[in-house]
Amino acid sequence: MSINFEGVSGQWNLTQMECEVVRMLVAGSPNSAIARALSRSVKTVEAHITKILKKAECQNRVELIVKAMAFSGHTSGTLDLRGVVFPDTQELEQPRLMQMA
């Protein structure tokens, strides 16, 4: 089963680009991968996400993903991830441990 992004787009009045950003967020793509895939800057992707969060009345991307899945009726099965670009694991920032004084 794949998410019905047309329903999500209509529910929140999203542009085609915003709908594509939501699709990639649901797939777990970080902002940098979304920017590369859509040939946009990371700042532009962040601006899209801010607008989407406002339209969807969400506080953060996790809430957005949950709402998107709920609006689409997606409750089980697999997500349609065709065309989603996943980052190389080497590109991901390594976690930094806080040093205790």
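For what it's worth, the working numbering labels the leading residue of the sequence shown as 125, then goes sequentially. In this text, a Cβ means the ideal position worked out from N, Cα and C, and glycines have one as well.
Buried versus exposed, by CB contacts within 10 Å (16 or more), residue i
i, result
"Asn137", "exposed"
"Ser163", "exposed"
"Ala194", "exposed"
Endpoints, the alpha helix (DSSP H) within which residue i is located
i, result
"Asn155", "Asn155 to Leu162"
"Glu187", "Arg185 to Phe195"
"Thr168", "Val166 to Ala180"
Whole-angstrom distance between residue j and residue i, CA atom to CA atom
i, j, result
"Ile158", "Ile173", "11 Å"
"Val166", "Asn155", "6 Å"
"Glu142", "Val190", "16 Å"
"Ala161", "Leu188", "20 Å"
"Lys178", "Arg185", "11 Å"
Backbone secondary structure at residue i - three-state DSSP
i, result
"Gly152", "coil"
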